[in-house]
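Colleague: Going by the UniProt record's numbering, the sequence shown runs without a break in its numbering and finishes at 91. Don't be surprised by glycine CBs; every beta carbon is placed ideally from N, CA and C. Since the structure is predicted, the reported quantities are computational estimates derived from the model, not experimental observations.
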Amino acid sequence: MTERHAVVSVIGKDQVGIIAKVTNILADNQINILDISQTILQDFFTMMMLVDVAGRDNLDRLQDQFNHLGDALGLKINIQLEEIFQAMHRV
């Protein structure tokens, strides 16, 4: 099966367990992380992940899980297909 990439972005106030909780959702859904970058600027946490979503018709169920987690932690968590992310951020 060929890879199909999506971008997961996480933004919000830094707190213990963000990476663990987000990556647990991915692991529970059998989604492999291909690349990850995170930084903290004062109390502001940002993370971007490139993940393999091959075999998934849509990402709605994952986005629902991320919305639930984001609401609980006060974070904004999005997942979108890489080609859509690239098109939206093309200069």
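In or out: residue 66 buried (at least 16 other Cβ within 10 Å) or exposed?
Modeller: So residue 66 counts as buried.
Colleague: List the whole-angstrom C-beta distance separating residue 45 from residue 12, where the pair is believed to meet the contact cut-off of C-beta under 8 Å.
Modeller: 6 Å
Colleague: Could you give the distance in angstroms between the alpha-carbon of residue 3 and the alpha-carbon of residue 81?
Modeller: 12 Å
Colleague: Does the contact criterion of 3 or more C-beta pairs under 8 Å hold for the stretch 54-69 versus the stretch 33-42?
Modeller: With a cut-off of 8 Å, the stretch 33-42 and the stretch 54-69 do not count as touching, because too few Cβ pairs lie within range.
Colleague: DSSP beta-bridge partners for residue 5?
Modeller: Beta-bridge partners assigned by DSSP to residue 5: 52.
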